[in-house]
Every structure is written in C-alpha cells, then in structure tokens.
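Written out below as structure tokens is the structure these notes cover.
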Amino acid sequence: MRSTRLASLLASACLLGALSAHAIWPHPSKLDAGKDDAFVRLSGDLRFELAEGTDQSRVPADLTDAIEAAAKQAHSLDVWPLVSDRGESYRAGVEQAKLVASVRISVLELMTATTPNPCVPNKPMDVAVGTVVQPRSVQQPFGGRKNAVQPVDLTAEPKQTAPDNWFNPCSIASHAIRELNYNISSAKLNLETDKTAPADLGYLDAEAYRLSVPADGGSIQLTSYTALGALRGLQTLQQLIYTLPPKGDDAAAAHKFIRNVPIVVEDRPAYPYRGLLLDTARNWFDLATIRKLIDTMGFVKLNQLHWHATDTQSFPLALDDDADAQGGNGMQLSLLAERGSYGWTKVDGKNTRMVYTETDVRGIVEYAAHRGVNVIIETDMPAHMLSGVDAIDGGSLMACPNEQAWENVAAEPPSGQLRLFTNTKASPAPDAATYKVPDNINRFVSSLLRKIATLSKSAYVSSGGDEPNYKCWNLTTEAEMEPYIAPFMQLVTNLTEASGKRGMVWEEMAVKFPKVAKTLAPNSLVEIWNDANNSRVALTNNPDVNIVLAPYSYFYLDCGSASFLGNYTSNTWCPYVSWQQTYSFDPSVTIANATKAGQDAKSVRNKFVGGEHAVWTETIDPTNLEGKVWPRAAAGAEVWWTGEEVAGKKRDKVEALPRMMDLRYRLVQMGVAAEPLQPLWCATRPGQCNWHG
Ligand SMILES: *[C@@H]1O[C@H](CO)[C@@H](O)[C@H](O)[C@H]1NC(C)=O
Ligand SMILES: *[C@@H]1O[C@H](CO)[C@@H](O)[C@H](O)[C@H]1NC(C)=O
Ligand SMILES: *[C@@H]1O[C@H](CO)[C@@H](O)[C@H](O)[C@H]1NC(C)=O
Ligand SMILES: *[C@@H]1O[C@H](CO)[C@@H](O)[C@H](O)[C@H]1NC(C)=O
Ligand SMILES: *[C@@H]1O[C@H](CO)[C@@H](O)[C@H](O)[C@H]1NC(C)=O
Ligand SMILES: *[C@@H]1O[C@H](CO)[C@@H](O)[C@H](O)[C@H]1NC(C)=O
C-alpha cells in the first residue's frame, strides 16, 4: 500500500518536472519529454533542410521563407532559462551533450510519393532538396547578448512573394485562407509512419505536425502533411531552444541547447478559429505595427486576424471609385477615406496618411496568409457608421448623423447608422410587409461589399452588425427594427455568397432577431460577445451557422481602462480581463448549454469553430498596443489551440503560469513589449510565488 503510494507520488513528481521544464505555448495536444538534465546542444551551423523525397519543383516560396526565418531566429535569439541561475547549472551537462547538426523537415503533401500530387509546380524552382537554407546570421552564431535582438527588421517593407503562391494549393497561404471545418480525412492518419498526404485532408490535420528531438544527436525531425503544419512545428521548435547565460563576453560559452530530450510532440489544434480582433477605426495603426502583430499571433498559433477596419469615428479604407462598375450604378467609394479618415501622421519620420490603400490591404492579407494567418475584413454596418459614409450620395445614406446628444441614439459618439428608411411624423416608417431596401442603400452596400471581396482572398468577410439602435430610426422598440434589418441582411448575405465568400456577423444579427438570423447563410460565422450562452439562442434561430466565442468578460483586452468619455468618471463599462480570467474560460460549458435534449453532442460541438480576443482601440494606439495584447492574448491561444485539457488534465492556471512567463520572456527577447506578470524573482523561481491562502 505504502510503496504504491510512494510510486505514484514519484510518478507525479516526474510529471511535474517534465511539465515545468518546457515552455511550449500553446501546449501541444501530446508531449513526451525526457529528464530535466538531459540535453542536446545545437551545432553552430545547425541546418534546416527539406527531407529527401520532397518534390523540389513544388515547394512553395512561403515555406522556403518560413524555414529561412525560423533558421535565422534559432541562430540569433538568445533566451536564457527562467531559473534562478539563468541556466548556469546546466553548463556542464550542455557542454557534454550530443551535438545536433540538422533539422529535417518532411512535408508529406510535397513528397513525390504523394500521388496525385495536389501541388502546382513552381517556375522557376524555389529550392532544391537538401539545399541548406543558410541564414546570414550563421556567420556570427551565438553572438551573445549583443546580438540577441529581434532578428527581423519589422519596419522594412516585406519582400513580395511571387503571386503564383496563391495558386499553389500547397502554399502556407492557400491553406491559411480556407473555410474552417472539422472535416477529417477518409484515411487513418499517423504522422509517425505516413509517407504521403491524403487528398481529402481535414482543416485541423492541415495544421498538425510531429516534432521529435532525439537525445543521441540525430537530426531533429519535423513532419507535417502541409506547409502550414510545418510552420506550426517550426514555431514550436523555437520555443524549445535556450541559450546558456554568457560568461562575461565569451561568445563561445553561450551554447544553444534543448533540454528534456528526447522530446516527441504530436500536435493538432482543438478548434480551427483562433482569432484576434484589431480595431483600426478608433485609432489608426501603421502597417509595420499590424505586421508585427501578425508575426506575434503566428508565434502562439493564433490564425485569424479579424480586422475591424471601419467604424463611426473613421473610415481608413482608401478604396478606388466604383462609379461605373455596375452599369453606372456604382458609388464614389473614394470619398469614404477622403472625408472619413484621420488625415496625416508621421511614421518613422515620414508623413503618412492614416489610411489603408487597396494595395496596403492586399499586402496585409498576403503578408498574413504567408505566415499562417487569415485576415477577415470587417466593414461594420448598419450601425457603427458615419465618417466618410456621410459624404456619399449627398449624405442621404445616414440616419441620426453626429447628434450632439449621441447617448440617445448610439453606443458611442459620433452617432450614425445607415438610413434604411425614413420615419417621421409626416412620413411614417414603410409598412414592414412591403418594405424593400432602398435603392441608394442597395447601391452603396453592393459597391462596398463587392470591392471588399476583391481585396481579400479569405473565405470570409464580415459585415459586423453590432448594436443597431432603434431610436436612431425614430422607432419605439428594438423589436420594431427586425422587419427592416431582415431584408438588409438578406442583401448582405446575397452579395457575400455571390462573391464566393462566407459572411461573419456579430451576435445581434442572430440572437436578437430570429427573422434576421434566418437570412444568414449556412456555415457563416456568428460572433457571440455578450453571454456565451447566447450561442444557444443563435443556433435555435438558425441551426446552420457556426459560432465564434468572444464573450467580453473573458476576451476583451481593452476592458478595465479609464473611460474615453469626457465628463465621465467611471472606468470602461467592462472590467479588466486578466490572463487567468481568459484561461478559466471553458467552451465545453457553453457547448453543453447549446446542446438540446436529443441532439447529437458532437454535431453541436462542431458548430463551435473557436473564439477570439478583441482589441477595441478607443484608448489604444501603436504606443500601447503590445502591452495591452501580450502576453494576455496567448491565454486565448491556448484555450482554442489546446482545448479544455492540458496534458490530460483540465487547464490549470497554476501549471500554466511558469510557461506563460517563459513565453513572455521569449517575446520580449523577440522585441515584443509584452507586459510582465510577476517580479523577476518569482519568474525565475517557478512555483515559489504561489499563494497558499
Ligand atoms: C466537409 O465534408 C462534407 C461531407 O462530409 C462536405 O459536404 C463539405 O463540403 C466539406 N466541407 C469542406 C469545407 O470541405
Ligand atoms: C427621425 O426624426 C427626425 C425629426 O423628425 C428626423 O429629422 C429624422 O430624419 C428622422 N429619422 C429617420 C430615420 O427618419
Ligand atoms: C437574395 O437572393 C434571393 C435568391 O436569389 C432572392 O430571392 C432575393 O430577392 C434576394 N434578396 C435580396 C434582398 O437581394
Ligand atoms: C457633466 O455631467 C453632468 C451630469 O452628470 C451634467 O449635469 C453636466 O451638464 C455635464 N457637463 C458637460 C460639460 O457636459
Ligand atoms: C450558461 O450555461 C451553463 C450550463 O448550461 C450554466 O452553468 C451557466 O450558469 C450559464 N451562464 C449564465 C451566465 O447564465
Ligand atoms: C443555458 O443558459 C441560460 C442562461 O444564459 C440558462 O437560462 C439556461 O437554463 C441554460 N440551459 C441549459 C440547457 O443549460
């Protein structure tokens, strides 16, 4: 009895040791690791190479770029272990450890053995098999602290990748922009033994990878079905690499190493949608800041940038005119940013208009896709619109524009909402039964949505739809809005589907108004931002939609700051969301709530594609964005990537804290201004600052 108990205590002690000693974030679905003091050392010219059997003519350029970036970072970034001696006690073990010379990457979809091969050949060849991807920094490996700065120049314009990458179905980008689903392959998959990729690979398996770091100095092996999966594995590999602390300026002593070898990671996300919303209308964000946000998202496997591009305060999308596009029925879309954007600012000393041109938008969509992040552009309507829209068609599109007593008609100043109809004493609201979307609104929405659809390759586009205000239309109840919003939403759905995309809307369109909910297309996305249990109502109103969860009390990163309103002394309407609060969110409770008697639990689970953090930016701009977002958004990344369990147990914030601190320290080394969560004393002594009250 006693010895059994002891054995199980020992076993759990080992498990704890293994857990505390790595810092992969988000935690992989399966991780086997060796002992704390088992190391391999990384060779000064560690090579990253595609495995033999790769069809060299089909390797997409964005994979080559991703491998090059990973190699560069592995060589140049110094991260000392977050322990009290910063890893000095590991020195003898690391110096005697076996030397690893290469990382071998097998992307099964690119293997000659996969027939028929789904990939389009590149011309000219991007990379030859066995070619060593040599980062420039390899000339000066392990340069110690002085070189331990962000290796990527984020202010430089990204290099343009050949456009044919989009049309190679095997590029990272092509996988990243796909429609989300829980489809699984007809073949039984096993990344340890599979030599080819199945033709009907499911979305989650496209992101799957297997990473093994042997203890004997053999190659690190990374295997995935797709280039996107390889990118996810490269991100994990970065998080395993540490540097010994410097001995003075002795660069040669700063070996790079991996501990807890042998390591085998088998990983695949729990949810396909893992997002972050950025609002570029309340305040404007320069392109370099957005690109850096995308890079950091990718590092923690967030894969959807929900770009809330426009709002009532500004319309920064500088769109080209569409005056003749539809038989003379188009709209002067260029007025939107001309009248509705914020004018000028300085970015890196250069005068810059606070707008995003069509080229800028395409550039961001492309930059993100090549890094495994899909961009969903949102032009919010019918509420949350004024700036710029009030200049179109002589101002005829707007109801209650910029009223001084905005509180009566809108959620925020300045007030404004599309004028779906006129409702005055002299001219009462049209009869709901005969109501049609007026011609000017129809022409504007058609012009705008067709244009937006051409800017993004994503399977999704969002029309927003939050907080429509009945008083702005001179109605007396919220319910009276429904017969007017339903045909409007039907029009939006028609346009979205006609452009080959799926729509995305805020919960108001699906929860408050059952008739509006019925106009949403199958597999479109409904984002729940109030009570997560509203999902049940949305799915009752329209069982064919998918749900994205972003309840504000768990996921809004702007909450808890001072209000932006003058003459208002309280803080924002919602309390601060700590990373622990996000981390405590349990989607299975929401899913259980949405499951009705007699319903198949799995089919309901599959309606929940994931969730996201939101960064509304009334009090946020590029000066404080990173501290507001990081590392807290990583908590959501683990909720949605890892799911309800970490290492076979319910997610636990006490287990997670040292990993979160390690991630935060690594982000800071990468040049991201992530907030500290603890004093350094606690961070370097995992577990010693737990509260025992
Ligand atoms: C998912 O699989 C179903 C059949 O099981 C198919 O009808 C559907 O088109 C697939 N969805 C996608 C996006 O591939
Ligand atoms: C609401 O009433 C005011 C005052 O009569 C009017 O100016 C405004 O146009 C009306 N709004 C709508 C949407 O008809
Ligand atoms: C939407 O499309 C359907 C089917 O094509 C059509 O019957 C309907 O009139 C359209 N509605 C609007 C508002 O455009
Ligand atoms: C500030 O708010 C108070 C009510 O709380 C109101 O009486 C006062 O007029 C407001 N001042 C301004 C400048 O709006
Ligand atoms: C949501 O539903 C769950 C389970 O169905 C329940 O425990 C929880 O209290 C509900 N939340 C709210 C805010 O009502
Ligand atoms: C779901 O949550 C709501 C509160 O939002 C609650 O009233 C209801 O009882 C819950 N239903 C189930 C089946 O848990």
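Numbers -21 to -1, 1 to 672, taken from mature numbering (1 follows the signal peptide of the UniProt record, and there is no 0), label the letters of the sequence shown in order.
For each residue, glycine too, the CB sits at the ideal point set by N, CA and C.
Looking only at DSSP bridge pairs, what is residue i linked to?
| i | result |
| --- | --- |
| glycine 443 | Val484 |
| glutamine 200 | Arg83, Ser191 |
| arginine 238 | Phe18 |
| glycine 589 | Tyr252, Val527 |
| arginine 332 | Trp323 |
| aspartate 229 | Lys226 |
| alanine 76 | None; alanine 76 has no bridge partner. |
| tyrosine 221 | Phe236 |
| leucine 296 | Tyr335 |
| leucine 210 | None; leucine 210 has no bridge partner. |
| phenylalanine 27 | Val82 |
| methionine 377 | Leu397 |
| tyrosine 535 | Ala593 |
| aspartate 246 | Tyr188 |
| threonine 33 | Met90 |
Cβ of residue i versus every heavy atom of ligand 2: is any distance shorter than 7 angstroms?
| i | result |
| --- | --- |
| tryptophan 452 | yes |
| arginine 247 | no |
| alanine 389 | no |
| alanine 378 | yes |
| asparagine 520 | no |
| asparagine 419 | no |
Can you tell me whether residue i sits near ligand 5, meaning its C-beta is under 7 angstroms from at least one heavy atom of the ligand?
| i | result |
| --- | --- |
| aspartate 510 | yes |
| alanine 571 | yes |
| valine 490 | no |
| valine 568 | yes |
Tell me the residue span of the beta strand (DSSP E) that contains residue i.
| i | result |
| --- | --- |
| glycine 254 | 252 to 258 |
| threonine 91 | It is not in any beta strand (DSSP E) - threonine 91 carries neither H nor E in the DSSP assignment. |
| alanine 288 | 283 to 289 |
| asparagine 353 | 353 to 358 |
| leucine 504 | 504 to 507 |
| leucine 10 | 9 to 11 |
Would you mind reading off the limits of the alpha helix (DSSP H) that contains residue i?
| i | result |
| --- | --- |
| phenylalanine 423 | 418 to 434 |
| threonine 401 | No alpha helix (DSSP H) contains threonine 401, which DSSP labels as neither H nor E. |
| leucine 474 | 461 to 477 |
| isoleucine 151 | 151 to 155 |
| arginine 350 | Looking at the DSSP string, arginine 350 is not in any alpha helix (DSSP H), and its letter there is neither H nor E. |
| phenylalanine 278 | 266 to 278 |
| arginine 515 | 513 to 520 |
| alanine 48 | 40 to 55 |
| valine 495 | 493 to 496 |
| leucine 183 | 182 to 185 |
Would the beta-carbon of residue i be found less than 7 angstroms away from any heavy atom of ligand 6?
| i | result |
| --- | --- |
| arginine 584 | no |
| arginine 515 | yes |
Is it the case that the CB of residue i approaches a heavy atom of ligand 4 more closely than 7 angstroms?
| i | result |
| --- | --- |
| asparagine 550 | no |
| asparagine 546 | yes |
Given the structure, does residue i come close to ligand 3, in the sense that its CB is under 7 angstroms from one of the ligand's heavy atoms?
| i | result |
| --- | --- |
| glutamine 383 | no |
| valine 484 | no |
| valine 340 | no |
| proline 466 | yes |
Does residue i get closer than 8 angstroms to chain C when you measure Cβ to Cβ?
| i | result |
| --- | --- |
| glutamine 383 | The structure shown contains no chain C; it is built from a single protein chain. |
inquiry  = Three Cβ pairs or more, each shorter than 8 angstroms: is that satisfied between the segment 32 to 46 and the segment 149 to 158?
reply    = With the cut-off at 8 angstroms, the segment 32 to 46 and the segment 149 to 158 touch.
message = Please give me, in chain order, every unbroken run of the alpha helix (DSSP H) with length at least 4 that falls completely inside the segment 618 to 671.
response = 632 to 648, 659 to 662
query = If we count Cβ pairs, one from each stretch, closer than 8 angstroms, do we get three or more for the segment 282 to 296 versus the segment 645 to 662?
reply = Two segments are said to touch when three or more pairs of C-beta atoms, one from each, lie closer than 8 angstroms; by this definition the segment 282 to 296 does not touch the segment 645 to 662.
ask   = Between the segment 344 to 351 and the segment 396 to 415, do three or more beta carbon pairs fall short of 8 angstroms?
value = no
message = Quick check on the DSSP output: what are the complete alpha helix (DSSP H) runs of length 4 or more inside the segment 541 to 610, in order along the chain?
response = 558 to 562, 566 to 573, 580 to 584, 604 to 608
message = Using 8 angstroms as the cut-off, can you tell me whether the segment 377 to 387 makes contact with the segment 480 to 492, which would need three or more C-beta pairs spanning the two stretches below that distance?
response = no
inquiry  = Pairs of beta-carbons, one from the segment 153 to 160 and one from the segment 200 to 216, closer than 8 angstroms: are there three or more?
reply    = yes
message = Between the segment 329 to 343 and the segment 20 to 34, can you find at least three pairs of beta-carbon atoms closer than 8 angstroms?
response = The segment 20 to 34, when compared against the segment 329 to 343, does not touch it at the 8 angstroms Cβ threshold.
inquiry  = For the structure I just gave you, are there three or more beta carbon pairs, one from the segment 176 to 188 and one from the segment 313 to 331, closer than 8 angstroms?
reply    = no
query = Are there three or more Cβ pairs, one per stretch, closer than 8 angstroms when the segment 597 to 610 is compared with the segment 561 to 575?
reply = no
ask   = At a cut of 8 angstroms, does the segment 84 to 94 reach the segment 235 to 253 through at least three beta carbon pairs?
value = The segment 84 to 94, when compared against the segment 235 to 253, does not touch it at the 8 angstroms Cβ threshold.
message = Would the segment 213 to 224 count as touching the segment 51 to 63 if we require 3 or more Cβ pairs under 8 angstroms?
response = yes
message = Would you call the segment 320 to 329 in contact with the segment 405 to 416, where contact means no fewer than 3 C-beta pairs closer than 8 angstroms?
response = Contact between the segment 320 to 329 and the segment 405 to 416 is absent: fewer than three C-beta pairs spanning the two stretches fall below 8 angstroms.
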